[in-house]
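**Q** In my numbering, the protein residues as written are 1 to 139.
#1: Assuming the contact rule is C-beta atoms closer than 8 Å, residue 16 and residue 61 should be a hit. Round their C-beta distance to whole Å, please.
#2: Do residue 55 and residue 70 count as a contact pair if the criterion is CB distance below 8 Å?
#3: Could you give the residue range of the alpha helix (DSSP H) that holds residue 116?
#4: Have a look at the DSSP bridge pairing and note the partners of residue 18.
#5: Counting along the chain, where does the beta strand (DSSP E) carrying residue 53 start and finish?
#6: Just mark residue 30 as buried or exposed, buried being the case when its beta carbon has 16 or more other beta carbons within 10 Å.
#7: Tell me whether residue 44 sits in a helix, a strand or coil according to DSSP, three-state version.
#8: Three-state secondary structure (DSSP) at residue 29?
#9: Measuring alpha carbon to alpha carbon, tell me which of 102, 64 and 39 ends up nearest residue 112.
#10: Determine the direct distance from the alpha carbon of residue 102 to that of residue 117, and round the result to whole angstroms.
#11: Where DSSP assigns a beta bridge to residue 103, which residues make up the other side?
#12: Quick one: what does DSSP say residue 60 is sitting in, helix, strand or coil?
#13: Which term fits residue 46, buried or exposed, when burial requires 16 or more other beta carbons within 10 angstroms of its beta carbon?
And the structure:
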């Protein structure tokens, strides 16, 4: 049985972690992380956006719907933010604050992960992703 924890990295980032308990030789119990995901929230001129980063499930726990449950936890968190904003009267309706999706990226070679995303309702977008690396001066 997995237990759920969350950590707030900042007001805009949440890390959700699934753990299972393992028994040490001395009989004490140790919480072992078996899956985690980061949900990032940020505001732009056009509204609030959410992005899923770093969805990782331990190899020994794959195929147990843990990735699906971690994504669902992100979606629940995003929805609670939206409902909270709407219920406090900060906007006329949830769509007024420009939120309509949660985004994530995944390399095409991650076949199982991409299948999971498609199975839970995520669609591919036609867009280019650009990256510029900065020289840090560190070797």
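For every residue, glycine included, the Cβ atom is placed at its ideal position computed from N, Cα and C.
**A** The structure says:
#1: With a Cβ gap of about 15 Å, residue 16 and residue 61 do not count as contacting.
#2: yes
#3: 111-119
#4: According to DSSP, residue 18 bridges with 4 and 35.
#5: 47-57
#6: exposed
#7: Annotated three-state conformation of residue 44 is strand, per DSSP.
#8: Strand.
#9: 64
#10: 12 Å
#11: 51
#12: helix
#13: Flag for residue 46 reads exposed.
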